[in-house]
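Worksheet: the structure to be examined is printed underneath.
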Amino acid sequence: MLTELELAHLRAEVAARPLPRHVGIIMDGNGRWAEQRSLPRLEGHRRGSDSVREVTRAARKLGLPALTLYAFSAQNWQRPPDEVSGLMDLLRDYLHRERPEIMDNGIRLHAIGELDRLPARVRDPLEELRRDSAGNSDMVLTLALSYGGREEIVAMARRVAEDARAGALRLDSIDAEAIEERLWTAGLPPLELVVRTSGEVRVSNFLLWQLAYAEIHLTETLWPDFGEEALLVALDDFQQRERRFGKTSAQTRRAR
Ligand code: IPE
Ligand code: IPE
Ligand code: MG
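Residue numbers for the sequence shown follow our numbering, so the first one is 10 and each next one is one higher.
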């Protein structure tokens, strides 16, 4: 834990250097956070939604253009029904509670995933806030809900095939750009940093295509303990990296 003064110093340092255009976070460890305290897992998820608020606020203040939060995976439907339903209640509550903050701060809310699988109590307020915030342009906050990277790639492949069959896409125009235009993340800035909390070292079906050249920051911190300080540490780590995109270090330094 940093002192207030150290935190202010880190905030100023991070803000003075180039920020990633798009940060994705795999928010993991809610269950373990609760289990360590002999609390129900759902209490961990509830505390996790407080972290979502703190991190979104900090990202907005810093001026991050895009933040994508992995809140519920396509595979998470396999969890016990009580946990799934509790998570859906928390999402519904989140969408109602955060609405004023999102609208007042110029945040555009976006969602990616198999959204038609979500219950109406989540889908309806989500659609409403998505529509109402569509004109906001200071930051785009994307919730990955019922999301899977493989599922996204399958959906993209279907769209490519449909467009090709309809004559709207020629086979020799299928390139990386044509693919990106048909992913759920179409229009978002390129993913530059991915954070995973709770010490796990895997991707768990998050933004598989988009991860190609993202920097990865891993932390032992459990998601309910992740806040502004942890975000700044991740951004500071990103800012120390040399992004080479296949080139040599000398070429990369020369291009800067
Ligand atoms: C992340 O926390 C939240 C979701 C996946 C919905 P977990 O619930 O996976 O927490 P752990 O991994 O069991 O600690
Ligand atoms: C990844 O966490 C999904 C989210 C954070 C929403 P999981 O806890 O579901 O991932 P695994 O099961 O450990 O790979
Ligand atoms: Mg987990």
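Every residue, glycine too, gets a C-beta built ideally from N, C-alpha and C.
query: How big is the Cα-Cα spacing for Leu78 and Arg174?
result: One-based indexing of the sequence shown puts residue 78 at position 69. One-based indexing of the sequence shown puts residue 174 at position 165. Straight-line measurement puts the Cα of Arg174 at about 34 angstroms from the Cα of Leu78.
message: Assuming the contact rule is C-beta atoms closer than 8 angstroms, Pro199 and Arg26 should be a hit. Round their C-beta distance to whole Å, please.
response: Counting from 1 along the sequence shown, the entry for residue 199 is found at position 190. Counting from 1 along the sequence shown, the entry for residue 26 is found at position 17. Distance from Pro199 to Arg26 at the Cβ level is roughly 18 angstroms; contact not present, criterion being Cβ atoms closer than 8 angstroms.
- prompt: Which value, in whole angstroms, describes the spacing of the CA atoms of Asn39 and Ser207?
  reply: For the purposes of this step, residue 39 is taken as the residue at position 30 of the sequence shown. For the purposes of this step, residue 207 is taken as the residue at position 198 of the sequence shown. Each residue's CA atom was taken as its position, placing Asn39 and Ser207 some 9 angstroms apart.
- prompt: At a cut-off of 7 angstroms, is Gln84 close to ligand 2 when judged by its beta-carbon and the heavy atoms of the ligand?
  reply: Indexing the sequence shown from 1 puts residue 84 at position 75. Checking the Cβ of Gln84 against ligand 2 gives yes.
- request: Check the Cβ-Cβ distances between Gln249 and every residue of chain B, and say whether any is below 8 angstroms.
  value: The structure shown contains no chain B; it holds only a single protein chain.
- prompt: From Ala153, Val210, Ala170 and Thr228, pick the residue whose C-alpha is nearest to that of Trp193; which is it?
  reply: The residue given as residue 193 occupies position 184 in the sequence shown. Minimum Cα distance to Trp193 is reached at Ala153.
query: If we ignore side chains and look at the alpha-carbon of each, how far apart do Ser58 and Gln219 end up?
result: Position 49 of the sequence shown holds residue 58. Position 210 of the sequence shown holds residue 219. Straight-line Cα distance between these residues: approximately 25 angstroms.
Helix, strand or coil at Ile266 [DSSP, three-state]: Because residue 266 is not part of the residues shown, which for the chain are 10 to 265, the question remains open.
message: So, under 8 angstroms CB-CB, Phe215 and Gly33 are touching, yes? Tell me the CB distance rounded to an integer number of Å.
response: For this step, residue 215 is matched to residue 206 along the sequence shown. For this step, residue 33 is matched to residue 24 along the sequence shown. For a cut-off of 8 angstroms, the C-beta gap from Phe215 to Gly33 is around 7 angstroms, short enough to register as a contact.
Closest residue to Arg66 among Glu44, Arg205 and Leu241 (Cα-Cα distance): Counting from one through the sequence shown, the residue named residue 66 turns up at place 57. Per the Cα distances, Leu241.
task: Spell out a yes or no on whether the region 90 to 105 and the region 48 to 62 are touching, meaning 3 or more CB-CB pairs, one atom from each, closer than 8 angstroms.
output: Touching, yes.
query: If you follow the alpha helix (DSSP H) that Met10 is part of, which residue opens it and which one closes it?
result: Translated into positions along the sequence shown, residue 10 becomes position 1. From DSSP, Met10 is part of no alpha helix (DSSP H); its letter is neither H nor E.
message: Following a CB-centred definition, is Met112 positioned closer than 7 angstroms to any heavy atom of ligand 1?
response: Numbered from its first residue, the sequence shown carries residue 112 at position 103. Checking every heavy atom of ligand 1 against the Cβ of Met112, none is found closer than 7 angstroms.
query: Are the Cβ atoms of Leu217 and Ile162 separated by less than 8 angstroms?
result: Stepping through the sequence shown from its first residue, residue 217 is reached at position 208. Stepping through the sequence shown from its first residue, residue 162 is reached at position 153. Taking 8 angstroms as the Cβ cut-off, Leu217 and Ile162 qualify as a contacting pair.
- prompt: What did DSSP end up calling Thr65 once you bin it into helix, strand or coil?
  reply: By one-based count along the sequence shown, residue 65 stands at place 56. Helix, per DSSP.
task: Return yes when at least one heavy atom of ligand 1 lies under 7 angstroms from the C-beta of Asp37, else no.
output: By 1-based counting over the sequence shown, the position of residue 37 is 28. Annotation for Asp37 indicates a beta carbon within 7 angstroms of some heavy atom of ligand 1.
- request: Take the Cβ of Glu201 as the centre, count every other Cβ of all protein chains shown within 10 Å, and call the residue buried at 16 or more, exposed below.
  value: Along the sequence shown, read from residue 1 onward, the residue named residue 201 stands at position 192. The residue is buried, with at least 16 neighbouring Cβ atoms inside 10 Å.
message: Checking the sheet assignment: what are the DSSP bridge partners for Thr77?
response: The residue you call residue 77 lines up with position 68 of the sequence shown. Partner(s): Gly33 and Thr151.
N-terminal and C-terminal residue of the beta strand (DSSP E) that Ile225 is part of: Position 216 of the sequence shown, counted from the first residue, corresponds to residue 225. Per DSSP, Ile225 belongs to the beta strand (DSSP E) from Glu224 to Leu227.
message: Could you compute how far the alpha carbon of His226 sits from the alpha carbon of Ala185?
response: Numbered from 1 along the sequence shown, position 217 holds the residue referred to as residue 226. Numbered from 1 along the sequence shown, position 176 holds the residue referred to as residue 185. If you take the alpha carbons of His226 and Ala185, they lie about 26 angstroms apart.
- prompt: Does DSSP put Ile183 in a helix, a strand or coil?
  reply: Within the sequence shown, the letter at position 174 stands for residue 183. Three-state DSSP puts Ile183 in coil, outside helix and strand.
field: the region 127 to 147 in contact with the region 103 to 116 per 3-pair CB rule at 8 angstroms
entry: Short answer: they touch.
Same chain only: Cβ atoms within 6 angstroms of Glu229, ignoring 5 sequence neighbours per side: Start at 1 with the first residue of the sequence shown, and residue 229 comes out as number 220. Result list for Glu229: Gly208, in chain order.
task: Please classify Leu178: does DSSP put it in a helix, a strand, or coil?
output: Within the sequence shown, the letter at position 169 stands for residue 178. The answer is coil: DSSP assigns Leu178 none of H, G, I, E or B.
query: How would you call Pro90, buried or exposed, if buried means at least 16 neighbouring beta carbons within 10 angstroms?
result: Here residue 90 corresponds to residue number 81 of the sequence shown, with the count starting at 1. Pro90 comes out exposed.
field: Sub-8 angstroms separation of Leu100 and Met148 beta-carbons
entry: Residue numbering aside, residue 100 sits at position 91 when the sequence shown is read from its first letter. Residue numbering aside, residue 148 sits at position 139 when the sequence shown is read from its first letter. Taking 8 angstroms as the Cβ cut-off, Leu100 and Met148 do not qualify as a contacting pair.
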